[in-house]
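**Student:** So that we are looking at the same thing, I have put the structure below in structure tokens.
There are 2 protein chains.
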Amino acid sequence: MKEQKPAPSTTERYIGIGELARESGCKPETVRYYEQIGLLPSAPRNEGNQRRYTTAAIRRLTFIRHARDFGFSVEAVRELLEMADHPAMPCQEVDTLAKRHLAEVEARLARLTAVRDELQRMINQCAGGSVGQCHIIDVLSDHRLCLQVEPHGGADVIG
Amino acid sequence: MKEQKPAPSTTERYIGIGELARESGCKPETVRYYEQIGLLPSAPRNEGNQRRYTTAAIRRLTFIRHARDFGFSVEAVRELLEMADHPAMPCQEVDTLAKRHLAEVEARLARLTAVRDELQRMINQCAGGSVGQCHIIDVLSDHRLCLQVEPHGGADVIG
DNA sequence: CGTAATACCTGTAGTTACTAGAGGTTCAAG
DNA sequence: CTTGAACCTCTAGTAACTACAGGTATTACG
């Protein structure tokens with residue numbers, strides 16, 4: 011991560027996993043999970059084997075959380091962290107990653123918009139009679155009745 | 011499912027799982043999976059234990075596929091199928107299901123639009139220097155620099 | 001100081017909707 | 001009759017966590 015200040019030396023404050031989680035908006039389980047998959051470094055432990063964190067961990071986890079909120083995959087976040095850890099490098103790779111992600115988001119947006127329009131059309135044309143005459147069921151039964159929605163492959167994320 | 015015609019009696023044509031899959035746009039594995047979770051009834055088998063299907067299966071599977079393309083969850087599809095199987099029932103429940111789904115789609119759309127806008131802003135403001143000055147990294151590091159994107163809970167689907 | 005309520009630990013299994021593979025059988029064409 | 005494609009079952013893997021179970025540590029209160 012990009013460090014603003016050179017660690018406040020002497021009386022550094024340590025926090026537990028619960029407080030870290032609260033500060034950064036995730037759950038303790040998720041923090042442990044991120045440590046397990048190597049997104050967060052293994053935290054030092056106290057006498058009783060409990061993880062102790064500094065404010066650096068809060069920053070790193072907030073970064074992760076935020077990137078995830080933007081819909082970056084965990085693997086993309088891993089790359090972003092790697093880059094953020096090297097402030098002197100040119101930011102072209104960061105840019106590329108962001109642009110690729112933007113393209114994916116735009117593709118999803120287009121698909122989702124088509125789905126919304128068709129759902130609206132379907133619902134508007136339902137006369138409210140019996141299932142036998144229901145336009146919604148008709149559209150789902152017969153692709154020809156549907157204007158825009160196309161098949162898609164795997165599951166997409168975020169919305 | 012809603013049956014248009016009363017089964018063509020005598021020489022019914024039977025097809026294998028591969029052809030069924032091609033006709034309805036999924037893979038044989040998916041067909042077996044749907045049978046396993048009870049979305050499709052267990053298909054009758056021939057002498058050599060291979061599944062044989064009629065055109066009714068093509069219709070049902072196409073319905074499923076299409077509803078999934080619209081982003082309905084498998085459980086929602088199960089309910090839609092149940093309703094489609096009873097053409098005499100009032101279609102209010104269908105309507106409710108569709109409307110609820112529309113609302114979800116609209117929520118995702120709103121979120122995704124915010125993400126897109128913020129990504130664009132981020133990318134536009136990147137001056138192309140080093141990571142240390144990169145606006146993209148800044149925004150991800152500090153939520154205050156970001157206008158609209160809010161944390162979200164679990165994974166959402168479709169896009 | 002004792003004890004009870006939290007907070008924390010590890011490890012495993014569950015979630016969604018499939019997909020991929022291993023290892024074997026059956027079918028259709030030549 | 002032999003090959004190759006299609007089919008069978010069963011298991012495990014995917015993403016990104018979440019939810020236990022069963023046990024230990026810490027903290028607050030009286």
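Note that the protein sequences, when read in sequence, are chains D and V.
Residue numbers for the first sequence follow the working numbering, beginning at 11 and rising by one.
Residue numbers for the second sequence follow the working numbering, beginning at 11 and rising by one.
C-beta: ideal position from N, C-alpha, C; glycine also.
None of the values given here were measured: they were computed from a predicted structure.
Cβ of D/Ala-53 within 9 Å of Cβ of D/Ala-67?
**Tutor:** Yes, Cβ-Cβ distance for D/Ala-53 and D/Ala-67 is below 9 Å.
**Student:** When we look at the beta-carbon of V/Glu-128 and count the other beta-carbons within 10 Å, is it buried (16 or more) or exposed?
**Tutor:** Buried: at least 16 other Cβ atoms inside 10 Å.
**Student:** For V/Gln-130, which option in D/Gly-142, D/Lys-109, D/Ala-137, D/Ile-27 has the closest C-alpha, if you only look at C-alpha atoms?
**Tutor:** Ranking D/Gly-142, D/Lys-109, D/Ala-137, D/Ile-27 by Cα distance to V/Gln-130 puts D/Lys-109 first.
**Student:** Look up D/Tyr-63 in the DSSP assignment and say whether it is helix, strand or coil.
**Tutor:** Strand, per DSSP.
**Student:** To the nearest angstrom, how far is the alpha carbon of D/Lys-15 from that of D/Thr-65?
**Tutor:** Low confidence applies to D/Lys-15: its pLDDT is 42, below 50, so where it sits in the model is not reliable, and the reading given next is rough at best. Roughly 11 Å between the two C-alpha positions.
**Student:** Based on DSSP bridge pairs, tell me the residues matched to D/Ile-25.
**Tutor:** In the DSSP output, where bridge partners are listed per residue, D/Ile-25 has D/Tyr-63.
**Student:** Could you compute how far the alpha carbon of V/Arg-23 sits from the alpha carbon of V/Arg-61?
**Tutor:** If you take the alpha carbons of V/Arg-23 and V/Arg-61, they lie about 13 Å apart.
**Student:** Please name the residue or residues paired with D/Arg-55 in a DSSP beta bridge.
**Tutor:** In DSSP, D/Arg-55 forms a bridge with D/Arg-61.
**Student:** Could you tell me which of D/Lys-37, D/Pro-51, D/His-145, D/Ile-146 sits nearest to D/Arg-88, measuring between CA atoms?
**Tutor:** If we check each option's Cα against that of D/Arg-88, D/Pro-51 comes out closest.
**Student:** In whole angstroms, what separates the C-alpha of D/Ser-140 from that of D/Val-149?
**Tutor:** Those two C-alpha atoms are separated by around 15 Å.
**Student:** Find out if the Cβ-Cβ distance for the pair D/Val-159, D/Ala-137 is shorter than 9 Å.
**Tutor:** No, Cβ-Cβ distance for D/Val-159 and D/Ala-137 is not below 9 Å.
**Student:** Spatial neighbours of V/Ile-168 within its chain, please: CB distance less than 6 Å, with the 5 preceding and 5 following residues excluded, ordered by chain position.
**Tutor:** Only weak support exists for where V/Ile-168 lies, its pLDDT of 46 falling under 50; the value from the coordinates is given anyway. Answer for V/Ile-168: Gly-81, listed in chain order.
**Student:** Note the first and the last residue of the continuous alpha helix (DSSP H) segment covering D/Asp-148.
**Tutor:** That run of the alpha helix (DSSP H) goes 145-151.
**Student:** Within 9 Å of any Cβ in chain D, is that where the Cβ of V/Arg-32 sits?
**Tutor:** Cβ-Cβ to chain D under 9 Å: no for V/Arg-32.
**Student:** What first and last residue would you give for the alpha helix (DSSP H) that runs through D/Ala-120?
**Tutor:** Run containing D/Ala-120: 102-134, per the alpha helix (DSSP H) assignment.
**Student:** Can you tell me whether DSSP reads V/Ser-83 as helix, strand or coil?
**Tutor:** In this structure, V/Ser-83 counts as coil in the three-state DSSP scheme.
**Student:** How big is the Cα-Cα spacing for D/Gly-35 and D/Leu-90?
**Tutor:** Between D/Gly-35 and D/Leu-90, the C-alpha separation is close to 19 Å.
**Student:** What residue does the alpha helix (DSSP H) around V/Pro-97 start on, and which one ends it?
**Tutor:** No alpha helix (DSSP H) contains V/Pro-97, which DSSP labels as neither H nor E.
**Student:** Which residue or residues does DSSP assign as beta-bridge partners of D/Ser-140?
**Tutor:** In the DSSP output, where bridge partners are listed per residue, D/Ser-140 has V/Pro-100.
**Student:** Quick check: is the beta carbon of V/Gly-142 nearer than 9 Å to any beta carbon in chain D?
**Tutor:** Yes, because at least one Cβ of chain D sits closer than 9 Å to the Cβ of V/Gly-142.
**Student:** Give a yes or no on whether 9 Å exceeds the smallest Cβ distance from D/Asp-81 to chain V.
**Tutor:** In the sequence under discussion, the amino acid at residue 81 of chain D is Gly, which differs from the Asp named in the question. Judged by the 9 Å Cβ criterion, D/Gly-81 is in contact with chain V.
**Student:** Does any C-beta atom of chain V lie closer than 9 Å to the C-beta of D/Arg-118?
**Tutor:** Judged by the 9 Å Cβ criterion, D/Arg-118 is in contact with chain V.
**Student:** Would you identify the three-state DSSP class for V/Ile-47, choosing helix, strand or coil?
**Tutor:** If DSSP states are grouped into helix, strand and coil, V/Ile-47 belongs with coil.
**Student:** For D/Val-115, return the contacting residues in chain V, with the cut-off set at a CB-CB distance below 7 Å.
**Tutor:** Those within 7 Å of D/Val-115 in chain V are Leu-122, Val-125, Arg-126, Leu-129.
**Student:** Work out the CA separation of D/Ala-120 and V/Ala-113 for me, nearest whole Å.
**Tutor:** Approximately 17 Å between the Cα atoms of the pair.
**Student:** Rounded to a whole number of angstroms, what is the C-alpha to C-alpha distance between V/Glu-92 and V/Asp-79?
**Tutor:** Each residue's alpha carbon lies about 18 Å from the other.
**Student:** Out of curiosity, what's the CA-to-CA distance linking V/Gln-102 and D/His-145?
**Tutor:** So the alpha carbons of these two residues sit roughly 12 Å apart.
**Student:** If you reduce the DSSP assignment to three classes, tell me which class D/Val-159 lands in.
**Tutor:** Residue state, collapsed to three classes: coil.
**Student:** On the premise that D/Leu-49 lies in contact with D/Ile-74, defined as a C-beta separation below 8 Å, what is that separation, rounded to the nearest angstrom?
**Tutor:** Between D/Leu-49 and D/Ile-74 the Cβ distance is about 6 Å, and since that is below 8 Å, they are a contact.
**Student:** If contacts are defined as beta-carbon pairs under 8 Å, then V/Leu-122 and D/Val-115 qualify, I think. What distance do you get, rounded to the angstrom?
**Tutor:** Going by Cβ atoms, the distance from V/Leu-122 to D/Val-115 rounds to 6 Å, so yes, they are a contact pair.
**Student:** Mind reading off the beta-carbon distance from V/Ile-27 to V/Pro-38? Whole number of angstroms is fine, and I expect it under 8 Å.
**Tutor:** The pair is a contact, with the Cβ atoms about 5 Å apart (cut-off 8 Å).
**Student:** List, in chain order, every chain D residue whose beta-carbon is nearer than 9 Å to that of V/Ala-53.
**Tutor:** Going along chain D, no residue has its Cβ under 9 Å from V/Ala-53, so there is no contact; the nearest lies around 20 Å.
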